[in-house]
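Those protein sequences? They're chains H and Z, same order as listed. If you count the first sequence from 1, you need to add 1 to reach our numbering. If you count the second sequence from 1, you need to add 1426 to reach our numbering. All C-beta atoms in this analysis are idealised placements derived from N, C-alpha and C, irrespective of residue type, glycine included. On a predicted model such as this, the values are computed, not experimentally measured, just so you know. Each remark here refers to the structure printed beneath this line.
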Amino acid sequence: GQQVMQIPQYQHVQEGEDFTTYCNSSTTLSNIQWYKQRPGGHPVFLIQLVKSGEVKKQKRLTFQFGEAKKNSSLHITATQTTDVGTYFCAGRETSGSRLTFGEGTQLTVNP
Amino acid sequence: DTAVSQTPKYLVTQMGNDKSIKCEQNLGHDTMYWYKQDSKKFLKIMFSYNNKELIINETVPNRFSPKSPDKAHLNLHINSLELGDSAVYFCASSWQWASSYEQYFGPGTRLTVT
């Protein structure tokens, strides 16, 4: 079955440093979604990427979808303490299939 | 108004007991889900219902039984609770199953089995 792998599992950064989490799928994806879960909270949808090579930005967050649609990344520029949380990618193999979540990357930001 | 709500928020119980978690969404979505999140934060899909019909049933013990009385509600009943059932259980919903719509998660129910 489809597998979505995410690295790293944990990342500790100093406030102001950049952060990147990577997501890799064993199969080609029709789309990929990213979610953020604050400590003690629930996953909240951030963005969806659909097109090969797509890049989307949300303020300090940059999301990329690979050319082969098998990998994706989330990059945060100049992290802030409000960025703390677990970031999940979730990929869908075909338009009618289930959404498979990666294992998540837990980000800690030291002030 | 809360979009996806779950009750209870916390549940502490002893091994062998039976418990239920309720979920309601007021978004008009067709599809609802139950996820289990363990201590390592892994999110694992358990069940999914589309218009009250079961469409995903992952390798979950028979002790777990979902019920969807209508498309706005998806409840989870757990029989003979075990220590390994301790986790946070999230309910979620989305507009449709076969689509690219995002999922909206409830606040979670932290289940502790002692």
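Report task. Go ahead and label Glu-68/H buried or exposed: buried means 16 or more other beta carbons lie within 10 angstroms of its beta carbon, across all protein chains shown. Result -> Around the CB of Glu-68/H, fewer than 16 other CB atoms lie within 10 Å, so the residue is classed as exposed.
Requested in this report: Starting from the beta carbon of Gln-49/H, find every residue of chain Z whose beta carbon is closer than 8 Å, and list them in chain order.
Outcome: Simply Ser-1526, Glu-1528.
**Report entry** Length of the line joining the Cα atoms of Asn-1501/Z and Arg-61/H
**Finding:** Taking the straight line joining both Cα atoms gives about 38 Å.
**Report entry** Identity of the residue in Lys-71/H, Val-45/H, Ile-77/H nearest Thr-21/H by Cα
**Finding:** Distances from the alpha-carbon of Thr-21/H to those of Lys-71/H, Val-45/H, Ile-77/H put Ile-77/H closest.
Query raised in the report: Should Leu-1/H be flagged as near chain Z, meaning a C-beta pair shorter than 8 Å?
Result: Outside the displayed span of chain H (2 to 112) sits residue 1/H, for which this structure offers no information.
Query - Beta-ladder partner(s) of Gly-86/H, from DSSP - result: BP columns for Gly-86/H point to Leu-108/H.
Query raised in the report: Hey, which unbroken runs of the beta strand (DSSP E) at 3 residues or more fall wholly within the segment 1431-1503 of chain Z?
Result: Taken in chain order, the unbroken stretches of beta strand (DSSP E) that lie wholly in the segment 1431-1503 of chain Z and span 3 residues or more are 1436-1439, 1445-1451, 1457-1463, 1469-1476, 1479-1483, 1490-1496.
Query raised in the report: If Gln-1463/Z and Val-1430/Z are in contact, beta carbons under 8 Å, what's the gap, nearest whole angstrom?
Result: Not confirmed; about 15 Å, so no contact.
Query raised in the report: Tell me, which residues are paired with Gln-49/H by DSSP?
Result: DSSP lists Gln-34/H as partners of Gln-49/H.
Query raised in the report: Among residues of its own chain, excluding the 5 on either side of Ile-1481/Z, which ones have a beta-carbon nearer than 7 Å to its beta-carbon?
Result: So the list reads Ser-1474, Tyr-1475, Trp-1523, once near-sequence residues are dropped.
Query raised in the report: Comparing alpha-carbon positions, which option in Thr-1535/Z, Ser-1526/Z, Asp-1456/Z, Tyr-1459/Z lies nearest Ser-1512/Z?
Result: Nearest neighbour of Ser-1512/Z by Cα position, chosen from Thr-1535/Z, Ser-1526/Z, Asp-1456/Z, Tyr-1459/Z, turns out to be Thr-1535/Z.
Requested in this report: Decide if the segment 4-24 of chain H is in contact with the segment 47-59 of chain H; the criterion is three or more beta carbon pairs, one per stretch, under 8 Å apart.
Outcome: When C-beta atoms of the segment 4-24 of chain H are compared with those of the segment 47-59 of chain H, fewer than three pairs fall below 8 Å, so the two segments do not count as touching.
Query - Pro-1434/Z at chain A interface by Cβ criterion, 8 Å - result: No chain A is part of this structure, whose protein chains are labelled H and Z.
Query raised in the report: If we ignore side chains and look at the alpha-carbon of each, how far apart do Leu-1469/Z and Phe-46/H end up?
Result: Their backbone Cα atoms lie some 14 Å apart in a straight line.
Report task. Indicate whether at least one CB of chain Z lies closer than 8 Å to the CB of Gly-105/H. Result -> Among the residues facing chain Z, Gly-105/H is included, as its CB has a counterpart in that chain under 8 Å away.
Query - Chain-ordered chain H contacts of Gly-1541/Z [CB-CB under 9 Å] - result: Outside the displayed span of chain Z (1427 to 1540) sits residue 1541/Z, for which this structure offers no information.
Query raised in the report: How long is the line joining the alpha carbons of Leu-30/H and Tyr-23/H, rounded to whole angstroms?
Result: Taking the straight line joining both Cα atoms gives about 15 Å.
Requested in this report: Using a Cβ-Cβ cut-off of 8 Å, state whether Leu-1545/Z counts as contacting chain H.
Outcome: Within the shown structure, residues of chain Z are numbered from 1427 to 1540, placing residue 1545/Z beyond reach of any answer.
Requested in this report: Below 7 Å CB to CB, which residues in the same chain sit around Tyr-1436/Z once its five sequence neighbours on both sides are set aside?
Outcome: These residues qualify, in order along the chain: Arg-1536.
Query raised in the report: For Tyr-11/H, is the classification buried or exposed, using 16 other Cβ atoms within 10 angstroms of its Cβ as the cut-off for buried?
Result: Tyr-11/H should be labelled exposed.
**Report entry** Best match in Cys-1449/Z, Glu-1508/Z, Val-1438/Z, Ala-1498/Z for proximity to Asn-1488/Z [C-alpha to C-alpha]
**Finding:** Out of Cys-1449/Z, Glu-1508/Z, Val-1438/Z, Ala-1498/Z, Glu-1508/Z has the C-alpha closest to the C-alpha of Asn-1488/Z.
Report task. Report the option in Pro-112/H, Thr-82/H, Asn-32/H whose CA atom is closest to the CA atom of Arg-99/H. Result -> Nearest Cα to Arg-99/H within the set Pro-112/H, Thr-82/H, Asn-32/H: Asn-32/H.
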